[in-house]
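In what follows, a single structure is set out as structure tokens and then discussed.
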Amino acid sequence: MKKSRFLSASVVNIAIMLGVLSLAGCKKVDDVDVSENITTLTEITWDELIPADFEQPENPFETMSQDEIDKLMDGSEESKAIIEQLEKEFYYAPTVDKLDGMRVKLPAYITPLEFDGQMKLEEFLLVPYLGACMHTPPPPSNQIVHATPSEAVEVDDMYSPVWAIGRLRVDTKKSALAEAGYQLELEDIEPYKRLQ
Amino acid sequence: MLTLAWQSLRNRWGTVLLATLAVAVSVSLILTVEKIRHEARNSFAQTVSGTDLIVGARSGSIQLLLYSVFRIGNATNNISWETAKEIEQRDAVKWTIPISLGDSHRGYRVVGTTQDIFTQFRYGNDQALRIASGRAFDDVFDAVVGSEVAKALEYAIGQPIVIGHGTGSVSLVKHDERPFRISGILAPTGTPVDRSVHISLAGIEAMHVDWQSGRQSSDELSVDAIREMDLTPKAVTALMVGLNSRAAVFREQRSINTYREEPLLAILPAVALQELWSLIGVAEKALFFISMSVVVAGLVNLVSVLLASLGERRREMAILRATGARPIHVFTLLGLESTGLTILGVASGLLLHYIILLSSGWWISENYGLVIPVGIPDAQGLRILLGVLLAGILAGLIPAFAAYRTSLADGMTQKL
Amino acid sequence: MSDSAINSTSIIELESVKFVWPGANTPVLDLDELTVYRGERVFLRGASGSGKTTLLNIVAAVLQASSGTTVVNGIDVGALPNHKRDRFRADTIGYIFQQFNLLPFLSVSDNVSLPCRFSAPRKRRALALGGSIDSECQRLLEAMQLSSEAMTKTCVTQLSVGQQQRVAVARALIGSPPLIIADEPTSALDNDTRGAFINLLFAEACKAGSTVLFVSHDESLAGHFDRTIELSSINKASAADSASLTRC
Chain G
308 MKKSRFLSAS VVNIAIMLGV LSLAGCKKVD DVDVSENITT LTEITWDELI PADFEQPENP
368 FETMSQDEID KLMDGSEESK AIIEQLEKEF YYAPTVDKLD GMRVKLPAYI TPLEFDGQMK
428 LEEFLLVPYL GACMHTPPPP SNQIVHATPS EAVEVDDMYS PVWAIGRLRV DTKKSALAEA
488 GYQLELEDIE PYKRLQ
Chain Z
653 MLTLAWQSLR NRWGTVLLAT LAVAVSVSLI LTVEKIRHEA RNSFAQTVSG TDLIVGARSG
713 SIQLLLYSVF RIGNATNNIS WETAKEIEQR DAVKWTIPIS LGDSHRGYRV VGTTQDIFTQ
773 FRYGNDQALR IASGRAFDDV FDAVVGSEVA KALEYAIGQP IVIGHGTGSV SLVKHDERPF
833 RISGILAPTG TPVDRSVHIS LAGIEAMHVD WQSGRQSSDE LSVDAIREMD LTPKAVTALM
893 VGLNSRAAVF REQRSINTYR EEPLLAILPA VALQELWSLI GVAEKALFFI SMSVVVAGLV
953 NLVSVLLASL GERRREMAIL RATGARPIHV FTLLGLESTG LTILGVASGL LLHYIILLSS
1013 GWWISENYGL VIPVGIPDAQ GLRILLGVLL AGILAGLIPA FAAYRTSLAD GMTQKL
Chain A
1436 MSDSAINSTS IIELESVKFV WPGANTPVLD LDELTVYRGE RVFLRGASGS GKTTLLNIVA
1496 AVLQASSGTT VVNGIDVGAL PNHKRDRFRA DTIGYIFQQF NLLPFLSVSD NVSLPCRFSA
1556 PRKRRALALG GSIDSECQRL LEAMQLSSEA MTKTCVTQLS VGQQQRVAVA RALIGSPPLI
1616 IADEPTSALD NDTRGAFINL LFAEACKAGS TVLFVSHDES LAGHFDRTIE LSSINKASAA
1676 DSASLTRC
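Residue numbers (the working numbering), protein chains in the order written: chain G, 308 to 503; chain Z, 653 to 1068; chain A, 1436 to 1683.
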């Protein structure tokens, strides 16, 4: 009887020890307080970020013959101008302006941009699929959301999708230098779990 | 009861001292490891900021990050000057900072770059480089050194320095006739910038004027003659790029990666940093786990020392019982003893931790460029201290409980 | 707690007390009756294994009798719950072991004053007698012929056995407990010092009004005492014939 009580007392003690010490090991900074505005949260999909009536033009280079492509690649000013024009048309990615100011919940993958001193995310991009930064064609600008949390967030697994929650802003300014795009004032990040 | 516990411990200090010392050492270990981990992570993560892309000749992304930002390792190839110019002139690009690597000065890396490094480059919390004394490079042979270089080699403004070819710490072949001059010293940044010597791209060309065939030629050109030459670089090692819109990064990266003129690699520094971090992170976590295990070992040892001593103390318990102590008194006595030892161990550990930091702080900063500020423990440190204290107190209840049971069973009948 | 059989002049009253170790068949102790009166100096004689330690433990409420009533100082200790028995022992009994009586990490006077830490009544009585615990300690040590000045500062391990035993007596006596139980306290002493020791003990016990129950196997000491009880003659369980089993 004595022995078993000791055993259980020891186990409890060690469990408490480990528990307390592990608390010391990890800390999450997640929840940014939702402000006075208690507006509803809308779950949106990536498709909704593209205007419903917009039709993505085909990649012009796909339909050209090899000769045509070679001619464009000759390096002349004229060709360069043509390429520029084609690219402009191809890359044109309009935004859905009425989403501006909405509180949304968007499932996305994270591409980090800035870390703070403890490798927490200060600024990042949200994209619809992983590998947006690798060899696959990059997503158009209306499928990229630039997220800025008010406080750096910790994300354990950068390769898993998350729910990004916050207020969406549509940057309607278009200039020669930059395309219009989406910004997210990030409130919270949650791991994404597929609901069956 | 407190005085009893105190007297009891004092009487047996030889035995318990070692156990307490073990706890102290383990606590100081974990505190120091955590501190260094924290600062190293901080230093690592703060190396570059506000840069959208880093472009280099095609190699691997971590390799590019390492040589361009951390100044570790070497590039296999360069980027042509034309390409660098082409990228700079793109609409989407706001600024570029070209850098040229490959040379050294007394073990410190020499970085050829433009004035943009002083205006556009950011690190840490969006901080720009600050020239603490002197000015940026103006003349071909001007050099701006990082704070560590200036301190270690005791440099002053106007001092002539000689830059060697290659990255070895000892230059076997020097460019004696063409000394550079220190025009400025940078304020400390806590990044590899501190350990670098910055010269203009023209300066790099000037240095290599007679190295065309891979070895120094015997003709000697005068310094003034060199200044007159066209010192436009033919190539640079890497390019740091800032874009007008951060979201444009994917497209520009893709465009650079598929550049037809030459094989290039464009990386997002944060992504590459994250990849590098995941490698280091495993070792880091292992280190924490090991330190924690050492603490657990220290506490287990303390408990076992106390438990072991119970055998000899049965007589004591019997005497206490005989003079009127109840089992709960025995429990309290031992509980107080173990709590006292734990507190002593943790406090000594904290003291030891400070001693270690203070005494080795300068050595760490000299050799690793890591500055570890010494102050009251941060939130993490306090959590560790509290956690160990709590764990120790709880663990100490084991011998207390054992003594309680023993004294109940023995009563006063313990025969020697 | 029934007071019906309490005799105010008796300090120990045992009736039909039996003690069997758990799991054993035969009792170690089987008494019809044992009475000790207040102020008596009783010599309890028994050989090893005669059950005297068990008897002492029952009187001191360390062990509970398997059956029968145990009344000490007017209290039925058999019926007391554990924590009350501890308190009872602390308040009522001063105990002296055969040897190793003292805590090595406490000074002499700290050792002597130990019971006052654990028993409020004893502390009160000690204060009433001496004004302060320290002066009571000194007084008792002097009564035990231990010069108090040097004594209080000495480490207990430096004392001779005789001195240690006398300190133990002082400790047993502080706060005037009604009952002093001495378990073979002279066995470790030289023959010539035994008598002196007992005299010292009696003198102080008398002053305090304490009863002394002295246990030993040494017959020669019997002469000092008011009464001698042969344990083997009252303990039916210590019959040499092991075949005689007593049913509880």
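Positions of the beta carbon are idealized from the N, C-alpha and C atoms, including for glycine.
Notebook entry, point to check: Assuming residue 400 of chain G contacts residue 427 of chain G under a Cβ cut-off of 8 Å, what Cβ separation, rounded to an integer in Å, is found between them?
Noted result: Not a contact, Cβ separation roughly 30 Å.
Next item on the list: Determine the closest residue to residue 1452 of chain A out of A/1464, A/1445, A/1446 and A/1458, with distance taken between C-alpha atoms.
Entry: Selection A/1464, A/1445, A/1446 and A/1458 evaluated against residue 1452 of chain A yields A/1464 as nearest (Cα-Cα).
Notebook entry, point to check: Can you find a CB in chain Z that lies within less than 8 Å of the CB of residue 1569 of chain A?
Noted result: Residue 1569 of chain A is outside the set of residues whose beta carbon lies under 8 Å from a beta carbon in chain Z.
Check: Cβ of residue 899 of chain Z less than 8 Å from any chain G Cβ?
Finding: For residue 899 of chain Z, the closest Cβ of chain G is nearer than 8 Å.
Notebook entry, point to check: Once you ignore the five residues that flank residue 700 of chain Z on each side, which residues in its own chain have a CB closer than 7 Å to its CB?
Noted result: So the list reads 721, 775 and 921, once near-sequence residues are dropped.
Next item on the list: Name, going along the chain, the residues of the region 926–946 of chain Z whose beta-carbon falls closer than 7 Å to a beta-carbon of chain G.
Entry: Within the region 926–946 of chain Z, the qualifying residues are 926, 929, 940 and 944.
Item checked: Within chain Z, partners of residue 418 of chain G - CB distance below 9 Å -> Listed along chain Z, the residues sitting closer than 9 Å to residue 418 of chain G by beta-carbon distance are 901, 902, 920, 922 and 923.
Check: What are the residues that DSSP puts in a beta bridge with residue 757 of chain Z?
Finding: Looking at the DSSP output, residue 757 of chain Z bridges to Z/760.
Next item on the list: Give, in chain order, every unbroken run of the beta strand (DSSP E) that is at least 3 residues long and sits entirely within the region 1516–1595 of chain A.
Entry: Counting whole runs of 3 or more residues, the region 1516–1595 of chain A contains the beta strand (DSSP E) stretches 1528–1531.
Checklist line | Contact under 8 Å by Cβ, residue 753 of chain Z with residue 745 of chain Z | finding: It is not a contact, given that the beta carbons lie outside the stated cut-off.
Note to self: Need the endpoints of the alpha helix (DSSP H) that residue 390 of chain G sits in, please.
What the structure shows: In this chain, the alpha helix (DSSP H) harbouring residue 390 of chain G covers 384–398.
Notebook entry, point to check: For a contact meaning CB atoms closer than 8 Å, what does residue 776 of chain Z contact in chain A?
Noted result: For the C-beta of residue 776 of chain Z, not a single chain A residue is nearer than 8 Å; the gap to the nearest is close to 57 Å.
Check: Nearest to residue 661 of chain Z by CA position, among Z/986, Z/1043 and Z/1023, is which residue?
Finding: That would be Z/986, whose Cα lies nearest to the Cα of residue 661 of chain Z.
Notebook entry, point to check: Hey, how far is the Cα of residue 360 of chain G from the Cα of residue 437 of chain G?
Noted result: Rounded to whole angstroms, residue 360 of chain G to residue 437 of chain G spans 26 Å at the Cα level.
Notebook entry, point to check: For residue 892 of chain Z, which beta-bridge partners are listed by DSSP?
Noted result: Answer by DSSP bridge pairing, in chain order: Z/706 and Z/749.
Next item on the list: Below 8 Å on the Cβ atoms is my guess for residue 677 of chain Z versus residue 951 of chain Z; work out the distance and round it to an integer in Å.
Entry: Rounded, the Cβ-Cβ distance is 12 Å, inconsistent with contact.
Item checked: residue 1590 of chain A Cβ short of 7 Å to the ligand SAH heavy atom set -> For the structure depicted, the ligand SAH is absent and the ligand set is empty, with no information on it obtainable.
Notebook entry, point to check: Does the distance from the C-beta atom of residue 702 of chain Z to that of residue 933 of chain Z stay below 8 Å?
Noted result: Their beta carbons are not under 8 Å apart, which means residue 702 of chain Z does not touch residue 933 of chain Z by this criterion.
Item checked: Any chain A beta carbon closer than 8 Å to residue 966 of chain Z -> No, no contact with chain A.
Item checked: Between the CA atoms of residue 884 of chain Z and residue 861 of chain Z - distance to the nearest angstrom -> Taking the straight line from one Cα to the other gives about 12 Å.
Note to self: Nearest by alpha-carbon distance to residue 760 of chain Z: which of Z/750, Z/961 and Z/845 is it?
What the structure shows: For residue 760 of chain Z, the nearest C-alpha among the options comes from Z/845.
Margin query: Which of the three DSSP states is assigned to residue 1028 of chain Z in this structure?
Written below: Residue 1028 of chain Z: coil per DSSP, three-state reduction.
Next item on the list: Can you grab the Cα-Cα spacing for the pair residue 682 of chain Z / residue 1007 of chain Z, in whole Å?
Entry: Cα-Cα distance, rounded: 14 Å.
Check: Which residues share a DSSP beta bridge with residue 775 of chain Z?
Finding: Looking at the DSSP assignment, residue 775 of chain Z forms a beta bridge with Z/779.
Next item on the list: Name, going along the chain, the residues of the region 420–437 of chain G whose beta-carbon falls closer than 7 Å to a beta-carbon of chain Z.
Entry: Those would be 420, 421, 422, 423, 424, 425, 426 and 432, in chain order.
Margin query: residue 490 of chain G and residue 455 of chain G - do their beta-carbons sit closer together than 8 Å?
Written below: Here residue 455 of chain G is near residue 490 of chain G, since their CB atoms are less than 8 Å apart.
Note to self: Within the continuous alpha helix (DSSP H) that includes residue 690 of chain Z, where are the two ends?
What the structure shows: Looking at the DSSP string, the run of the alpha helix (DSSP H) that includes residue 690 of chain Z is 665–697.
Check: So, is the C-beta of residue 1553 of chain A closer than 8 Å to a C-beta in chain Z?
Finding: Proximity of residue 1553 of chain A to chain Z, defined by a Cβ-Cβ separation below 8 Å, is satisfied.
Note to self: At a CB distance below 8 Å, what residues from the region 657–669 of chain Z approach chain A? Give them in sequence order.
What the structure shows: The residues in question are 659, 660, 662, 663 and 664.
Notebook entry, point to check: How is residue 410 of chain G classed by DSSP in three states: helix, strand or coil?
Noted result: Of the three classes helix, strand and coil, the one that applies to residue 410 of chain G here is strand, per DSSP.
Notebook entry, point to check: Between residue 488 of chain G and the rest of its own chain, which residues show a CB-CB distance below 6 Å, the 5 nearest in sequence each way excluded?
Noted result: Within its own chain, the residues whose Cβ lies closer than 6 Å to the Cβ of residue 488 of chain G, once the five positions on either side in sequence are excluded, are 448 and 478, listed in chain order.
Item checked: Neighbouring residues, chain Z, relative to residue 1521 of chain A (Cβ below 7 Å) -> For residue 1521 of chain A, the chain Z residues whose Cβ falls inside 7 Å of its Cβ are 978, in order along the chain.
Next item on the list: Pull up the CB-CB distance for residue 810 of chain Z and residue 833 of chain Z, whole angstroms please, since I reckon it's below 8 Å.
Entry: Going by Cβ atoms, the distance from residue 810 of chain Z to residue 833 of chain Z rounds to 6 Å, so yes, they are a contact pair.
Next item on the list: Would you mind giving the Cβ-Cβ distance between residue 851 of chain Z and residue 786 of chain Z, rounded to the nearest angstrom? I have them listed as a contact below 8 Å.
Entry: With 8 Å as the limit, residue 851 of chain Z and residue 786 of chain Z do not qualify as a contact, their Cβ atoms being about 14 Å apart.
Next item on the list: Determine whether the Cβ of residue 1525 of chain A lies closer than 8 Å to any Cβ atom of chain Z.
Entry: With a threshold of 8 Å between beta carbons, residue 1525 of chain A makes contact with chain Z.
Checklist line | Contact list for residue 1075 of chain Z against chain G, beta-carbon separation under 8 Å | finding: With chain Z represented from 653 up to 1068, any question about residue 1075 of chain Z goes unanswered, as that position is not in the structure.
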